[in-house]
Amino acid sequence: MNLRELAFDTLLSITRDGEYSHIALNGVLEKYQYLSKQERSFFTRLCLGTLERQIWIDYVLDLFSTVKGKKMKPAIRTILRMGVYELKFMDAVPAHATCSEAVKLARKKGFGNLKGFVNGVLRNISRSLDTIELPREEPAGLSLRYSMPEWLVEEWLSRFGREKTEEILAAFLEKAPASVRVNTARISREALQERLSAEGVFAEENPAVPDGLFLSGYDYLLGIPAFREGLCYAQDASSMQLSHKAGVKPGDFVLDVCAAPGGKSIHLAQLLSGTGMVEARDLSPAKVALIQENIDRSGLSNLRACQADARVFREADLEKADLVIADLPCSGLGVIGRKPDIKYRMTPEQIGRLAALQREILHTVQRYVKPGGTLMYSTCTVSRAENEENAEWFLREYPGYCLVFQEQLLPKAGWQDGFFMAKFQKAKA
184 MNLRELAFDT LLSITRDGEY SHIALNGVLE KYQYLSKQER SFFTRLCLGT LERQIWIDYV
244 LDLFSTVKGK KMKPAIRTIL RMGVYELKFM DAVPAHATCS EAVKLARKKG FGNLKGFVNG
304 VLRNISRSLD TIELPREEPA GLSLRYSMPE WLVEEWLSRF GREKTEEILA AFLEKAPASV
364 RVNTARISRE ALQERLSAEG VFAEENPAVP DGLFLSGYDY LLGIPAFREG LCYAQDASSM
424 QLSHKAGVKP GDFVLDVCAA PGGKSIHLAQ LLSGTGMVEA RDLSPAKVAL IQENIDRSGL
484 SNLRACQADA RVFREADLEK ADLVIADLPC SGLGVIGRKP DIKYRMTPEQ IGRLAALQRE
544 ILHTVQRYVK PGGTLMYSTC TVSRAENEEN AEWFLREYPG YCLVFQEQLL PKAGWQDGFF
604 MAKFQKAKA
């Protein structure tokens, strides 16, 4: 298997055809499970790294190419982007090998007439990498240094200041260990650590949550027997904190209105210790099937999945839930570190539409909360319009609720995604 060709095909499906990066990469890694750990690592790093650094890479290409990146054929632009990433960030690969492989790939993909152009651009860049200077003015400087769109950098600078903004941007580029939640209904955290150690996986306790672990030293998650058996689930530390802070009580009925893939629902069912019921809903049959698959792996009986549109009010659910979880569709700016294509897809206009959708859903689902019950609103983004402004709107629109707390968790390298949560309590009758 030619790994560069595989990376080329994957990147083209993302940048030209619009496929989501995590779906594209997971599909390839699942299809080619026979690849060695080293091969999987090279492929993943080349794909994600090229995506992560795309703004900086395109800036460099425009400096050294007579044809600007936007006017290049998508295939040639992708080959050159991969080459520039290798030259700058993959020291183990000799420059001559990078240039040679890029030329071979151009020829194989039907662009033999452009092999001289590809070779010339990459060789010129390889000789001048250490002399490239970035603009000093902001937000352009930070945008290029961390490959983040200027409008996002500008927004975060105005909210958080220079130091905190740069911490956020740096965190997105740091490789983080896999974060998993222990299925405490079947095994303790300590026992799972021992089991994983026996399987050759290093598991470090997550100090933010009592049932979280960080995994490293493994090939891929589905290759870990304990993961396949449902003894742990992939879930970020910030997301786990929501379940612990929701204050679920034995016997509660919990409604999770946008639940796929089901991580929070399963976590809450575990915290109920076999009592009560968690109903996990989502819009499409495919998402409900994914939730059900994870429920089956969990071995929990106080949990069910069903299909429902969260925007549509269901009279039978009026004031039925002790706890409603509204972890709603959002811009995803908090998970750019794991899904780098988000930063190129999202626009301020799309954020406005998402904020409106979130309000539409909140308007509906707040009616399901019992008097004295709780509504937990959350997103995996760092966007004032979707987070703080929506919380403020909710309190104005529904004075029967009070704000217990709200928290914007910022991305931290190797620690957590960006995440927002707001806990509202409904007045007792």
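So the working numbering is basically just the index in the sequence shown, starting at one, shifted up by 183.
All residues carry an ideal CB built from backbone N, CA and C; glycine is no exception.
- Task: Pick out the complete alpha helix (DSSP H) segments inside the segment 501 to 580, 4 residues or longer, and give them in chain order.
- Result: 525 to 528, 531 to 548 and 571 to 580
query: D479 by DSSP, collapsed to three states: which one?
result: As a working mapping, residue 479 is identified with position 296 in the sequence shown. It is helical.
_Output needed for L220: all residues of its chain with C-beta closer than 7 Å, excluding positions within five of it in sequence on either side, in chain order._
Working through the sequence shown from its first residue, we reach residue 220 at position 37. Checking the sequence shown, residue 220 turns out to be Lys, not Leu. Contacts found: D402.
*Taking the C-alpha atoms as reference points, what is the distance between G434 and C489?*
Position 251 of the sequence shown, counting from 1, holds the residue named residue 434. Position 306 of the sequence shown, counting from 1, holds the residue named residue 489. Rounded to the nearest angstrom, the two C-alpha atoms are 20 Å apart.
- prompt: By a C-beta neighbour count over all protein chains shown, 10 Å radius and 16 as the cutoff for buried, is W334 buried or exposed?
  reply: Position 151 of the sequence shown, counted from the first residue, corresponds to residue 334. With fewer than 16 Cβ atoms within 10 Å of its Cβ, W334 is classed as exposed.
> Tell me which same chain residues have a C-beta within less than 6 Å of the C-beta of Y584, skipping the five on either side of it?
Replying inline: Against the sequence shown, residue 584 aligns to sequence position 401. Correct list, in chain order: F607 and K609.
Using C-beta distances below 7 Å, list every residue in its chain close to Y242, excluding the 5 sequence neighbours before and after it, in chain order. Mapped onto the sequence shown, residue 242 falls at position 59. Cβ within range, chain order: L327.
**Prompt:** Residues in its own chain within less than 8 Å of M184 by CB, not counting five upstream and five downstream?
**Reply:** By one-based count along the sequence shown, residue 184 stands at place 1. Only Y215, L218 and E222 meet the Cβ criterion.
*asked:* Going by DSSP, what residue range makes up the beta strand (DSSP E) through Y203?
replied: The count along the sequence shown starts at 1 and reaches residue 203 at position 20. From DSSP, Y203 is part of no beta strand (DSSP E); its letter is neither H nor E.
Item checked: Alpha-carbon spacing of A353 relative to E284, whole angstroms -> Taking the first residue of the sequence shown as 1, we reach residue 353 at position 170. Taking the first residue of the sequence shown as 1, we reach residue 284 at position 101. About 30 Å.
**Request:** Grab the span of the alpha helix (DSSP H) containing F247 for me, first residue to last.
**Result:** In the sequence shown, counting from the first residue as 1, residue 247 sits at position 64. F247 -> alpha helix (DSSP H) spans Q237 to F247.
Proximity of T557 and Q453 at Cβ, strictly below 7 Å | Locating residue 557 in the sequence shown gives position 374, counting from the first residue. Locating residue 453 in the sequence shown gives position 270, counting from the first residue. Cβ distance not < 7 Å, so T557 and Q453 don't count as in contact.
**Report entry** Same chain, Cβ closer than 6 Å to L325, neighbours up to 5 away in sequence not counted
**Finding:** Taking the sequence shown and counting its residues from 1, the one referred to as residue 325 is at position 142. Excluding positions up to five away in sequence, the list reads V336.
Classification of N296 by the beta-carbon crowding that lies within 10 angstroms, buried from 16 upward: Counting from one through the sequence shown, the residue named residue 296 turns up at place 113. Exposed, since its Cβ has fewer than 16 Cβ neighbours within 10 Å.
Nearest to T547 (by Cα), restricted to the options E569, F577, T530 and R521: Mapped onto the sequence shown, residue 547 falls at position 364. Looking at the Cα atoms, F577 is the closest of the given residues.
Taking contact to mean at least 3 C-beta pairs separated by less than 8 Å, is the segment 584 to 601 in contact with the segment 552 to 572?
yes
Exercise. Whole-angstrom Cβ separation of Q599 and A417, contact assumed at under 8 Å?
Worked result: Here residue 599 corresponds to residue number 416 of the sequence shown, with the count starting at 1. Here residue 417 corresponds to residue number 234 of the sequence shown, with the count starting at 1. Not quite, the Cβ-Cβ distance comes to about 14 Å (not below 8 Å), so this is no contact.
Are A534 and S514 closer than 7 Å when you measure CB to CB?
The residue given as residue 534 occupies position 351 in the sequence shown. The residue given as residue 514 occupies position 331 in the sequence shown. What sits at residue 534 in the sequence shown is Ile, not Ala. Yes, the pair counts as a contact, with Cβ atoms nearer than the cut-off.
Does the Cβ of A612 have 16 or more other Cβ atoms within 10 Å, making it buried, or fewer, making it exposed? If you number the sequence shown from 1, residue 612 lands on position 429. Under this definition A612 is an exposed residue.
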